[in-house]
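Residue numbers (our numbering): 28 to 475.
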């Protein structure tokens, strides 16, 4: 039987997302829902104004750290918080508003953008009472060319605060500090610098996590806070959460206890124990250059018999890629015993930097753009006591390595993916046979 003409694929392949690709229709749902944004924006805006007047909306924005900050705030505030896990932009953000109940005390929303023009509309919908700004970094340097462009877009949420509102700003970030000049709301800064209203001092890396002295606005209210989160930079979300809980009347000792139990957000320096006795540190959700350096710093503090790095491309790398990757390679050479590189040919510059810095060439393996060779290599290479850092741009879907090394079936071997689901674990494609990836709609969202 002859195959159907190519132009009929959109018709013939649609029912195949239900069978044989069970649940395959889910990959199209987020894109279909995007068309409902104008209607849901109006509904969510009206619902916020009419029924959620007494709910205090805390909005978290910034280039990095939003999800961890949101989860820390949820945990520190305790009861009466509307917990949102759908998403942080567009339709998902509107659904978060609509899922908030009038009896909730707080609604904590993280808000992400990918370019200009959206933050102002999000601000009109959310009408924030508190805005937390985590950092201004290079995560969107292709759509927002400079850090000044990024801060001009993000500050629109801060500008939406009423005079009786509250802006909680990262005082260690000059671009976030600038936002204090753009609002009449009360300003609170946080960070490690002594000039901050809320600050951390005496950070110590521990196993697992770390500890630091939390200093609240009242000098007498200082408490040692222990955390399971990896890396000094994870103190920033905890400072925000501690301050907002303090503002809500929670005692410092109670705040410390709540935050000590906070676990890493999924794929944000998240430890995963493997059956063979090794441990993966999953940090593959986002891959900005700054997040690479933060992950490397955290990785360097973790006790290990052997350190392994699995690295993919930097997301929207700033400046010239060759020198940037060579600089990363030099740092990798000082931290890792074995390195696997998955992605574009640009990573060959990282390999060059590592070798020049003294790493043996056979210890830096570039496997190309697909994960299957990396899975096979790691299955043969990993030993009990190894600690593996998984880091790279989210479109490479390094999560598949974690699933495969944990003993799950992974057949998806695409090199690039735009499927907007929570993760590979919930994706209907991860265990599909190769024929499924010939589907017209699957091809729209993936690259072989």
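C-beta atoms are modelled at their ideal positions from N, C-alpha and C, and glycine is treated no differently.
- A direct Cα-Cα distance of roughly 22 Å separates residue 469 from residue 63.
- Annotation: the stretch 29-104 contains the following complete segments of the beta strand (DSSP E) (minimum length 3 residues), in chain order: 83-88.
- Taking 8 Å as the cut-off, the Cβ atoms of residue 384 and residue 394 do not count as close.
- Cβ-Cβ distances below 6 Å link residue 83 to 133, 156 in the same chain, with the five nearest sequence neighbours on each side left out; the list follows chain order.
- Contiguous alpha helix (DSSP H) elements confined to the stretch 180-207 occur at 201-204, taking only those with 4 or more residues.
- Look at residue 348 here: in three-state DSSP terms it is helix.
- Within the DSSP bridge table, the entry for residue 418 names 310, 338 as partners.
- Beta-bridge partners assigned by DSSP to residue 214: 194.
- No Cβ-Cβ contact shorter than 8 Å links residue 299 with residue 416.
- Fewer than three beta-carbon pairs drawn from the stretch 227-242 and the stretch 57-72 are found closer than 8 Å, and the two stretches are therefore not classed as touching.
- DSSP places residue 406 in the uninterrupted alpha helix (DSSP H) bounded by 399-408.
- When DSSP states are grouped into helix, strand and coil, residue 451 belongs to the helix group.
- Here residue 218 is buried: its Cβ has 16 or more other Cβ atoms, across all protein chains shown, within 10 Å.
- Taking 8 Å as the cut-off, the beta carbon of residue 91 is found closer than this to the beta carbon of residue 166.
- Between the alpha carbons of residue 85 and residue 153 lies a distance of about 9 Å.
- Boundaries of the beta strand (DSSP E) around residue 237: 237-242.
- In terms of Cα proximity to residue 321, the closest of 359, 275, 288, 396 is 359.
- Shown here for residue 117: same chain residues with a beta carbon closer than 7 Å to its own, the five before and five after excluded, namely 61, 64 in chain order.
- The residue from 180, 43, 254, 189 with its alpha-carbon nearest to that of residue 205 is 180.
- Around residue 241, the same chain offers 250, 252, 269 as residues with beta carbons nearer than 6 Å, after the five sequence neighbours per side are excluded.
- A distance of 8 Å or more separates the beta carbons of residue 48 and residue 472.
- The closest CA to that of residue 238, considering only 327, 256, 248, is found on 256.
- Nearest C-alpha to residue 40 among 475, 224, 466: 466.
- Per DSSP, the continuous alpha helix (DSSP H) segment holding residue 326 begins and ends at 316-326.
- Straight across, the Cα-Cα distance linking residue 410 with residue 178 is about 45 Å.
- Residue 234 counts as exposed, since fewer than 16 other C-beta atoms from the protein chains shown sit within 10 angstroms of its C-beta.
- Excluding its 5 nearest sequence neighbours in each direction, residue 454 has C-beta neighbours in its own chain below 7 Å: 446, 448, listed in chain order.
- In this structure, 161 is the residue among 374, 388, 308, 161 with its C-alpha nearest to the C-alpha of residue 199.
- Here residue 71 is not near residue 135, since their CB atoms are 8 Å or more apart.
- Between residue 183 and residue 297, the alpha-carbon positions lie close to 32 Å from each other.
- Within the DSSP bridge table, the entry for residue 231 names 238 as partners.
- Going by DSSP, residue 162 is part of no beta strand (DSSP E) at all; its letter is neither H nor E.
- The shortest CA-to-CA distance from residue 370 to any of 362, 341, 391, 363 is the one to 341.
- Bounds of the alpha helix (DSSP H) holding residue 379 are 374-383.
- Residue 354 carries a helical assignment under DSSP once its states are collapsed to helix, strand and coil.
- Residue 210 places its beta carbon 8 Å or farther from that of residue 248.
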